[in-house]
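The UniProt record's numbering applies: residue 1 is where the sequence shown begins, and numbers increase by one.
Ideal Cβ positions, reconstructed from N, Cα and C, are used throughout, including at glycine.
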Amino acid sequence: MRLKSFRLPNSGPLLGAGYLLLWLLLWPTVQPFWMLPYGLRFGALLLTPMRHWGWLLGAELAATASISLVQGMPQGWAGFAIDELPELLVMAGSLWLLRQFNLHVSLHSPQEVTRLLLSVVLVVTATTAVDAALLAIVHPDSPELMLRVLGEELLSHYLGILLIVPLMIMMLRTRLDQRALTGLVMDGLLVMLPSMTILLVLSEQAAPQPQFARVLSLAPVLFFAFRHGWRGASLAMLITSLGMTLVDRHLGHTPSTAAAYLFLAVAGTGALMLGSATDALRRSSERVAEQNVYLGAVNRRLDQLAHQLRAAARGNLQADENQRRHLAAELHDELGQNITAIQTHVKLAQARLRQAGMEDISTSINTILAHMRRALHRLLDDLRPAVLDEFGLLRALDEGPIRDLLNTAGMTYHTELHGDPRLLDDDIRTAIYRLAQESATNAVKHAQASEFRLRLRIGERQGIALALLDLRDNGIGLPSRLPRGGRGLQGMRDRVTSLGGQFRLRPEDAGVHLRILLRGNNGLAESRRQN
């Protein structure tokens, strides 16, 4: 759950009244190198609409005039105007110009922090330069005083912005996660409170413990920067700095030197940059995690689609084989029986044809019928290899029509067969035979080879039946450009893919080398093992 950020009222008088109250609350904290009201002014002009700037500047002038009146107006109204108005107008003009160039008020990345800090440096430098020019006019013979005042202003103004503006951006421009806010509060109680107690004990001692305590105060700031990003770093830096300043004032220590505040400015800048980089890294990690979750879901969906496609392709293959089996049975029963009947009638009519001197007609009819029977056998073997049903897979590969085809073509046929084909389902056994038959046919038609080798290994791994089919010849190999049309290698690849297998065409110096891996049906393998 994200908490909503604070909304500024859309009313100039209300903004002016709130700004006046905050200015008066921060004024007692002002020290030579510590100017929190300056940071409040910068943040207010940076975050509020420009149409309300008049109310803000008027409220600040009223606050400073009231303070000067309480102090007796030592410089008079003219001195008051010269001391207050130029700095206000220069800051307002500088921020107006930066906002015209689309200054992005954000600390979400190191680049945005860098841009904002550069803008801070430009505005602080401009206001300090104006003060230097006025000081040179009022005190032309005091260069040491001018340098000291300029150094104080540069450091105090930069520190004021560094401590106040990130807190204002956090409250007005960002949304805090409730869990992050809870963790911030818990770490504040468990880390910041003991740290401040230790720093208080060290500060009560004589020098150099107070200086050591200020250096040690960086530890909780770094912890919060790593743990909670730039928000934690800005809060820890503000709390630690306020705590050390109030302790020094309460214990009556001499104000810290410029070196101590310079260390605070450098450490605060580094902690803010570190916290922003931590936030950016955390967001990047979250995006990567979300992307990984999304990619995981996409991969699972792709796996499901691939499984569905393989199931559909396997179903098509089974339907094709069933249709082939049905067609082969019909041809065998109808056409085969008719050929046999014709041969029987011709044989019965041979005596009468011989008496009529037409014996050559019966011979021609018998020749045609024998040719038709051989063609029918080839067609039936293409539709459904009967040898596979009669002999089984291993014997069909070793002794069946594939060997007859290769021997007729004058090729030597080598086989190496291992394993139990019963581990494989009928689709896989049929596919193995078809692949071997297609590869042997290609070798006879195109390879100009003298030998053909077939190696089949069937086994189990982790309860899954596997068949590794290795086919190779020593022919001329594949052409550089495969011809279009026909089934060939692409048909073999499609058959293997439909069964969820792997088809590899291995590069060889001569010939074609195929390695095919097919996975059997787990349920069938289990039932075979139990039997």
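Query raised in the report: Per DSSP, Ile464 forms a beta bridge with which residues?
Result: In the DSSP output, where bridge partners are listed per residue, Ile464 has Arg461.
Query raised in the report: If we call anything under 8 angstroms between Cβ atoms a contact, is Tyr261 one with Leu162?
Result: Contact flag unset, no.
Requested in this report: Use the C-beta contact count for Asn316: other C-beta atoms within 10 angstroms, 16 or more gives buried, fewer gives exposed.
Outcome: The residue in question, Asn316, is exposed, as its Cβ has fewer than 16 Cβ neighbours within 10 Å.
Report task. Check whether the Cβ atoms of Thr430 and Leu454 sit closer than 8 angstroms, and answer yes or no. Result -> The answer is no: Cβ separation not under 8 angstroms.
Report task. Report the option in Pro421, Ile402 and His418 whose CA atom is closest to the CA atom of Thr412. Result -> When the alpha-carbon of Thr412 is set against those of Pro421, Ile402 and His418, the nearest one is in Ile402.
Query raised in the report: From Ser119 to Arg99, what distance separates their C-alpha atoms?
Result: Between Ser119 and Arg99, the C-alpha separation is close to 10 angstroms.
Query raised in the report: Given that a residue counts as buried once 16 or more other Cβ atoms are within 10 Å of its Cβ, and exposed if not, what is Val113?
Result: It is buried - the Cβ of Val113 has at least 16 other Cβ atoms within 10 Å.
Query raised in the report: Based on the DSSP secondary-structure assignment, which residues constitute the bridge partners of Phe452?
Result: The partner list for Phe452 (beta bridge, DSSP) reads Tyr413 and Asp473.
Requested in this report: Use the C-beta contact count for Trp230: other C-beta atoms within 10 angstroms, 16 or more gives buried, fewer gives exposed.
Outcome: By the neighbour-count definition (other C-beta atoms within 10 Å, threshold 16), Trp230 is a buried residue.
Query raised in the report: Below 8 angstroms between beta carbons: does that hold for Leu435 and Ile516?
Result: It is a contact, given that the beta carbons lie within the stated cut-off.
Query raised in the report: By DSSP, does Arg519 sit in helix, in strand, or in coil?
Result: The answer is strand: DSSP assigns Arg519 an E or B state.
Requested in this report: Report buried or exposed for Asp131, applying the criterion of at least 16 other Cβ atoms within 10 angstroms of its Cβ.
Outcome: With 16 or more other CB atoms across the displayed protein chains lying within 10 angstroms of its CB, Asp131 is buried.
Query - Neighbour-count burial assignment, Val512, 16 or more Cβ in a 10 Å radius - result: That one is buried.
Query raised in the report: What are the boundary residues of the alpha helix (DSSP H) that Leu391 is part of?
Result: The sequence as given places Phe at residue 391; Leu does not occur at that position. Where Phe391 is concerned, the enclosing alpha helix (DSSP H) stretches over Ala386 to Phe391.
Query raised in the report: Taking C-beta to C-beta, are Leu135 and Val149 nearer than 8 angstroms?
Result: The answer is yes: Cβ separation under 8 angstroms.
**Report entry** Length of the line joining the Cα atoms of Leu274 and Leu235
**Finding:** In a straight line, the C-alpha of Leu274 is about 14 angstroms away from that of Leu235.
Query raised in the report: If we call anything under 8 angstroms between Cβ atoms a contact, is Ala440 one with Ile476?
Result: At least 8 angstroms separates the beta-carbon of Ala440 from that of Ile476.
Report task. Report the rounded CA-to-CA distance for Ile169 versus Tyr294, giving the unit in angstroms. Result -> Rounded to whole angstroms, Ile169 to Tyr294 spans 33 angstroms at the Cα level.
Query raised in the report: Of the choices Val121, Ser364, Ser68 and Leu456, whose alpha-carbon is the least far from that of Ile428?
Result: Nearest Cα to Ile428 within the set Val121, Ser364, Ser68 and Leu456: Leu456.
Requested in this report: Alpha carbon to alpha carbon, how far is Glu438 from Pro479? Give it in angstroms, no decimals.
Outcome: Going from the Cα of Pro479 to the Cα of Glu438 covers about 18 angstroms.
Query raised in the report: Is it the case that the Cβ atoms of Val70 and Thr127 are separated by a distance below 8 angstroms?
Result: Inclusion of Val70 and Thr127 in the CB contact set at 8 angstroms is not warranted, their separation being larger than that value.
Requested in this report: Buried or exposed for Arg175, please, with buried defined as at least 16 other CB atoms from any protein chain shown within 10 angstroms of its CB.
Outcome: Label assigned to Arg175: exposed.
Query - Residue-level contact to chain C via CB, Ala313, 8 angstroms cutoff - result: No chain C appears in this structure, which consists of one protein chain only.
Report task. Just the C-alpha distance for Gln343 and Thr408, rounded to the nearest angstrom, thanks. Result -> So the alpha carbons of these two residues sit roughly 28 angstroms apart.
Query raised in the report: Given Met146, which residues of its chain have a CB within under 8 angstroms of its CB, disregarding the five upstream and five downstream residues?
Result: Non-local C-beta neighbours of Met146 in its own chain, meaning closer than 8 angstroms and more than five positions away in sequence, comprise Ala132, Leu135, Ala136 and His139, ordered along the chain.
**Report entry** Local conformation of Leu8 per DSSP, three classes
**Finding:** It is coil, neither helix nor strand.
Requested in this report: Under 7 angstroms Cβ to Cβ from Ser109, same chain only, skipping five residues before and after it: list those, please.
Outcome: Contacts found: Ser276 and Ala280.
Report task. Return the first residue and the last residue of the alpha helix (DSSP H) that Arg352 is part of. Result -> Boundaries of the alpha helix (DSSP H) harbouring Arg352: Gly336 to Gln355, taken from the DSSP string.
Query raised in the report: Cα-Cα, which of Gly232, Leu189 and His52 is closest to Leu167?
Result: Just measuring C-alpha positions, the residue of Gly232, Leu189 and His52 sitting nearest Leu167 is Gly232.
Query raised in the report: With distances taken between CB atoms, is the gap from Leu193 to His228 smaller than 8 angstroms?
Result: Between Leu193 and His228, the gap from beta carbon to beta carbon reaches 8 angstroms or more.
Requested in this report: Taking the CB atoms as reference points, tell me whether Leu222 and Ala271 lie closer together than 8 angstroms.
Outcome: For Leu222 and Ala271, yes; Cβs fall inside 8 angstroms.
Query raised in the report: Just how far apart, CA to CA, sit Ala319 and Val298?
Result: When the Cα atoms are used, Ala319 and Val298 turn out to be separated by approximately 31 angstroms.
Requested in this report: Give the C-beta separation of Val105 and Phe42 to the nearest angstrom, bearing in mind that I take them to be a contact with Cβ-Cβ under 8 angstroms.
Outcome: In this structure Val105 does not touch Phe42 by the C-beta definition: roughly 11 angstroms separates them, more than the 8 angstroms allowed.
Requested in this report: Could you check how far apart the C-beta atoms of Ala449 and Asp470 are, in whole angstroms? I think they sit under 8 angstroms.
Outcome: That belief does not hold up - the Cβ atoms of Ala449 and Asp470 are roughly 16 angstroms apart, past 8 angstroms.
Query raised in the report: What do you get for Val165, buried or exposed, if any count of 16 or more other CB atoms within 10 angstroms of its CB means buried?
Result: That one is buried.
**Report entry** Best match in Leu499, Leu514 and Leu468 for proximity to residue 532 [C-alpha to C-alpha]
**Finding:** Only positions 1 to 531 of the chain appear in this structure, which leaves residue 532 out of reach.
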